[in-house]
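Each residue of the sequence shown is one higher than the last, beginning at 13 in the numbering used here. Down below is the structure, laid out as structure tokens.
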Amino acid sequence: MAEDIEEEPGAESPLLNKKMSEAFDWSDSKLPVRDALWDYYMENNDHDTMKTGKDMEKYMDMSSDDLKAEAEKLLKK
Numbered sequence: 013m014a015e016d017i018e019e020e021p022g023a024e025s026p027l028l029n030k031k032m033s034e035a036f037d038w039s040d041s042k043l044p045v046r047d048a049l050w051d052y053y054m055e056n057n058d059h060d061t062m063k064t065g066k067d068m069e070k071y072m073d074m075s076s077d078d079l080k081a082e083a084e085k086l087l088k089k
């Protein structure tokens, strides 16, 4: 199971910088969670960087628990 992540109020979640394989027991990817989410949105936005940037903004203020749930919803296959 993934370890608990200590976060500071108002700061972006440290989960964003963890490798997918460290954050999720179902993943073997070495990509950071941030990059995996970016790649997901780029693929679904016809590689529109501006739209992907807007889609990623919400993750910058999200708690680790919420971020983990959202990432699982989008990335778990």
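Backbone N, C-alpha and C define an ideal beta-carbon position, used for all residues, glycine too. Note that the structure is a prediction, hence the values are computed from the model and not measured.
Sheet register partners of residue i (DSSP bridge)
| i | result |
| --- | --- |
| LYS31 | PRO44 |
Inter-residue Cα distance where the pair is residue i and residue j
| i | j | result |
| --- | --- | --- |
| LEU49 | ASP37 | 17 Å |
| ASP58 | THR64 | 9 Å |
| ASN29 | SER76 | 11 Å |
Status (buried if at least 16 other CB within 10 Å, exposed otherwise) for residue i
| i | result |
| --- | --- |
| LYS88 | exposed |
| ALA81 | exposed |
Beta carbon of residue i nearer than 8 Å to that of residue j
| i | j | result |
| --- | --- | --- |
| LEU43 | ALA35 | no |
| MET54 | SER41 | no |
| GLU24 | MET72 | yes |
| LEU86 | TYR52 | yes |
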